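K.L.:
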Amino acid sequence: MKRLLLAVAALFAVALSASAVAIIPQPQSVTEHNYNFVVNASTLIVCNEEQLVPIAKYAQEYVKVNVAKTAPKSNYISIALDKRLAEEEYRLSVAQEAVHIVAGGYGGAFNGVQTLFQLLPSAVYTKNMPLPATVCGCNVADKPKFAYRGLLLDVARTFITKENVLRYIDYLAYHKVNKLHWHLTDNQGWRIEIKSHPRLAKVGGFRGGDSPINAALGKWGEKYGGYYTQEEIREVVAYAAVRNIEIIPEIDLPGHSGALARIYPEILCKNSDGTPRKSGAVVCATNAENYKFLEEILAEVCALFPSKHFHIGGDEVNMSQWKSCPDCSAWLEKNGYTDGHKLEDMFIGRIQDILAKYGKSPSVWNEAAFGGGLSKEAWVHGWKSPKICKQVMAKGYPTIFMPQQFFYFDMRQSEHENGAVWGGCFDVRKVYSFDFAKEGFTPEEVAHVKGFEAAAWSEVFLSQGGDKSIDFIEYQTFPRLCALSELAWGKNGGGEWQEFHNRLYQHHYDRMVDMEINFRITPPKVKYSEGMLSIEKIDNSVIYYRVDGSDSRKLYNGAIRTSHPGKYLFWAEYRGAKSPEVAHSSHYKTLKPKVTLTSSLKDVEKYGYHRVADYYMSIRVAETYKKGDWFLFEFDEPVECRSIEFITGSHAVPSRLITKGYLEVSYDGKSFHRVAELNYGRAKLLNPKPIKAARIVATDDDVPGAKIRLCSPIIYPKW
Ligand code: ACM
Ligand code: ZN
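The numbering of the sequence shown is our numbering, which starts it at 1 and goes up by one.
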């Protein structure tokens, strides 16, 4: 019995000490000791390696102590090189007298400092940590499994200010993410100053208003956007370099070139009758002038980024624009081809030759990897699926895994949250669950994987509300990026979700709060049985609830007896961070009464107004709307409900919507009453009188190019 008790006590001690060191991403090896190092005001950061001085200075921003070149007897944190280790490898030893970080190179030393930060109180991230502060004694031996641990930041669709990009770089650095794939151009914007062609950024950096680039996300008439000057780009590159982050720029070619083509339409193919094409998003592959023009642009971009790698796009080329071009189709015919991909291969080959002149190697999206002309040095970003990644790898290319089903962080995280829908619906757990073996990869194949990348595409971000859009990007990125970081580091925690989740909520939630990241908390589980509604807590956050239709927040402190479980909405909060609201499944039941839809505007037949009766969430309007245009919903019978919502734009994200307008309803089908103004294209009525008909009326003055969508109304039954 005594032995058993001792064994239990020993296990308990291990469990307790195991929680003292809880790092994300989990290091390869950690040994804990039962003593501490204490950082106080006289602790020194010691560094006599010129190359590592930026890291010492960086560490000093967070831990406010002096930096010195030589070590005193004790009470110091030294950062040094040991060339026997790999570049990103480090050893961290925390003894009572001193902390030693030794690393193979700059990256390893930086990684060691990040691990040290995670051993300190989370307040270290506020840059205002009270001293003395305690570090748990330990030895860490660590290096990443994958060399490429990246995030794509799409600043083309939604401009992100330089200050917010720098903030993002800090967040990546805290997670040992070492690549930023900077998506600088696309159909919707050109965000980098090109001195030889200044109109590209000056005009192409803005959407809406008098810009030739249409707005698309509900700001039709208002001009908005921005771009980075070359000086700002250099500043961001230098800031990232200190943080062990290599920036890989992307100029997306030959498709996704809509912004470029709005400003220089001459880069497009000709129409089949030889006349100039006015719209399109694909660069003509056979016009020799285009290569001269592109070289002028690319040369400037190459000079700004020290990375050897330059992403030139290659995704989703609309081949019909080439096939209808007299010159491009003649080229195909002359060479005996029918497949437009041959033109893409030729195009990529020529751009690759241009890049080679400037010492750069191309990176491309997976579509461009199959033509045969792409240099074997090129990095390929596999976005479509794990299967495509496998095919790319079989061609011998260093492959970066970013299948949309796991790593496109613009996708919504649960069914009732905002976010894009086309690529899946997943949260941090799914990201963490990515498993090479389950996806059919052999260990030999895995050994050739270059790494992982998440994508923060921003089509859906702006619409989340002006200055708040950056909060939504953070919400979409964290904690999913924590899982990506762990995956790319090698899942040294063993790969069990529960073990990772424990580290995440018990330690990393605090860190993310102090990092000032607007992260998402995984919501609790709602249970209902024998008239009792209860919550299964999955972490240490506090649970609140509200009754449907009310904003009054109540603390949840035990099961609720109710015969209407759907009436209650629960959420978790942790030091200001929040989960989405969740409810019992009965909350989400909707009514689908018979309804017809008519309008002053024509619809797109296949996705048209008739689909309103199917309760379809993406009805397409064929014509641009203007002031006074209307949409009329008529119900066969007056609808009784607890709430009804009319939505212009898309369902899961407020985009393609009517910016200004109102909702009027009729209880008798004859006379109408104006009851609500549209807010982000939507109007929701709570406990309305039975509604026979409802009409949305647009009031915008000027909405150039506004192609809108519409949803069937969402109607919730009375309790
Ligand atoms: C992509 O999502 N078109 C790379
Ligand atoms: Zn052409």
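Just so you know, even glycine gets a beta-carbon here, dropped at the ideal spot from N, CA and C.
Quick caveat, the model's predicted, so the values are computed rather than measured.
(1) Which two residues bound the contiguous alpha helix (DSSP H) that contains Gly258?
(2) Can you list, in chain order, the residues of its chain whose CB lies under 7 Å from that of Asn40, leaving out five sequence neighbours each side?
(3) Cys136 bridges to which residues according to DSSP?
(4) Going by alpha carbons, who is nearest to Glu496 out of Phe434, Val446 and Val449?
(5) DSSP three-state call for Tyr574: helix, strand or coil?
(6) Please confirm whether any heavy atom of ligand 1 lies closer than 7 Å to the CB of Asp154.
(7) I need the boundaries of the alpha helix (DSSP H) containing Leu304, first residue and last residue.
(8) If you follow the beta strand (DSSP E) that Val102 is part of, which residue opens it and which one closes it?
(9) Taking the continuous beta strand (DSSP E) assigned at Leu180, which residues delimit it?
(10) Run the proximity test for Glu186: is its beta-carbon closer than 7 Å to any non-hydrogen atom belonging to ligand 1?
(11) Would you check if the distance between the CB atom of Gly419 and the CB atom of Val653 is smaller than 8 Å?
(12) In whole angstroms, what is the alpha-carbon distance linking Ile351 and Leu81?
(13) Between which two residues does the beta strand (DSSP E) harbouring Trp365 extend?
(14) Helix, strand or coil: how does DSSP classify Asp539 here?
(15) From which residue to which residue does the beta strand (DSSP E) around Gly112 run?
(16) What does the Cβ neighbour count give for Asn111, buried or exposed, with the cut at 16 atoms within 10 Å?
(17) Check whether the Cβ of Asp722 lies closer than 7 Å to any heavy atom of ligand 1, and answer yes or no.
(18) How long is the line joining the alpha carbons of Ser361 and Tyr397, rounded to whole angstroms?
(19) Relative to ligand 3, is the shortest distance from any of its heavy atoms to the C-beta of Asp273 smaller than 7 Å?
(20) Just the C-alpha distance for Tyr358 and Ala288, rounded to the nearest angstrom, thanks.
(21) So, for His751: in the same chain, excluding its five sequence neighbours on each side, which residues have a beta-carbon less than 8 Å away from its beta-carbon?
(22) One question on the structure: do Trp190 and Leu268 come within less than 8 Å of each other, judged by their Cβ atoms?
(23) Could you check how far apart the C-beta atoms of Ala241 and Gly258 are, in whole angstroms? I think they sit under 8 Å.
(24) By alpha-carbon positions, which one of Val67, Asp154 and Leu151 ends up nearest to Ser42?
(25) Heavy atom of ligand 2 less than 7 Å from the Cβ of Asn720, yes or no?
(26) Evaluate the contact criterion for the region 574 to 586 versus the region 400 to 411: three or more CB pairs, one atom per stretch, below 8 Å.
(27) In angstroms, rounded to a whole number, what distance separates the CA positions of Phe407 and Leu484?
(28) Within 10 Å of its beta-carbon, does Ser541 have 16 or more other beta-carbons around it, so buried, or fewer, so exposed?
(29) Is Trp322 near ligand 2, going by C-beta to nearest heavy atom under 7 Å?
(30) Would you identify the three-state DSSP class for Met411, choosing helix, strand or coil?
(31) Should Val165 go down as buried or exposed, given a rule of 16 or more other Cβ atoms within 10 Å for buried?
(32) With a threshold of 7 Å (Cβ to nearest heavy atom), would Trp383 be considered close to ligand 1?
(33) So what's Met532 in DSSP terms, helix, strand or just coil?
(34) Would you say Asp327 touches ligand 2, meaning its beta carbon is less than 7 Å from a heavy atom?
(35) Does ligand 1 have even one heavy atom less than 7 Å from the beta-carbon of Asp410?
(36) Return the chain-ordered ranges of every alpha helix (DSSP H) run that is complete within the region 471 to 497 and spans a minimum of 4 residues.
P.N.:
Well, looking at it:
(1) Boundaries of the alpha helix (DSSP H) harbouring Gly258: Gly258 to Ile263, taken from the DSSP string.
(2) Contacts found: Leu131 and Pro132.
(3) Per the DSSP secondary-structure output, Cys136 pairs in a beta bridge with Asn36.
(4) Distances from the CA of Glu496 to each of Phe434, Val446 and Val449 were compared; the closest alpha carbon is that of Phe434.
(5) The three-state reading of DSSP puts Tyr574 in strand, counting E and B together.
(6) With a threshold of 7 Å, the Cβ atom of Asp154 does not count as near ligand 1, since no heavy atom of the ligand is closer than that.
(7) From DSSP, the alpha helix (DSSP H) with Leu304 extends over Ala288 to Leu304.
(8) Unbroken beta strand (DSSP E) run through Val102: Ala98 to Ala103.
(9) Per DSSP, Leu180 belongs to the beta strand (DSSP E) from Lys179 to His183.
(10) For the sequence presented, residue 186 should be read as Asp rather than Glu. No; taking the cut-off as 7 Å, the Cβ of Asp186 has no heavy atom of ligand 1 nearer than that.
(11) Taking C-beta atoms as the reference points, Gly419 and Val653 count as a pair closer than 8 Å.
(12) Going by the C-alpha atoms only, they are around 39 Å apart.
(13) Boundaries of the beta strand (DSSP E) around Trp365: Ser361 to Trp365.
(14) In the three-state reduction of the DSSP assignment, Asp539 falls in the coil class, being assigned neither a helical nor a strand state.
(15) No beta strand (DSSP E) contains Gly112, which is instead part of the alpha helix (DSSP H) from Tyr106 to Leu119.
(16) Its Cβ being crowded by 16 or more others within 10 Å, Asn111 is buried.
(17) Within the shown structure, residues of the chain are numbered from 1 to 719, placing residue 722 beyond reach of any answer.
(18) Spanning the two alpha carbons is a distance of roughly 13 Å.
(19) Ligand 3 is absent from the structure shown, which contains only ligand 1 and ligand 2.
(20) Using only the alpha carbons, I get a separation of about 20 Å.
(21) Past the edges of the chain, shown from 1 to 719, lies residue 751, and the structure says nothing about it.
(22) If you check the CB distance, Trp190 and Leu268 do not come in under 8 Å.
(23) In this structure Ala241 is not in contact with Gly258, their Cβ atoms being roughly 32 Å apart against a cut-off of 8 Å.
(24) If we check each option's Cα against that of Ser42, Val67 comes out closest.
(25) The chain is shown from 1 up to 719; residue 720 falls before or after that span and cannot be answered.
(26) Here the region 574 to 586 does not lie against the region 400 to 411, with fewer than 3 beta-carbon pairs under 8 Å apart.
(27) Annotation: Phe407 to Leu484 spans about 8 Å, alpha carbon to alpha carbon.
(28) With 16 or more Cβ atoms within 10 Å of its Cβ, Ser541 is classed as buried.
(29) Correct: Trp322 has its Cβ closer than 7 Å to ligand 2.
(30) In this structure, Met411 counts as strand in the three-state DSSP scheme.
(31) Residue burial is scored here from C-beta neighbours: Val165 has at least 16 other C-beta atoms within 10 angstroms and is therefore classed as buried.
(32) Within the cutoff, so yes.
(33) If DSSP states are grouped into helix, strand and coil, Met532 belongs with the strands.
(34) Yes - ligand 2 has a heavy atom lying nearer than 7 Å to the Cβ of Asp327.
(35) No - ligand 1 has no heavy atom lying nearer than 7 Å to the Cβ of Asp410.
(36) Residue ranges of uninterrupted alpha helix (DSSP H) with 4 or more members, entirely inside the region 471 to 497 and ordered along the chain, are 480 to 489.
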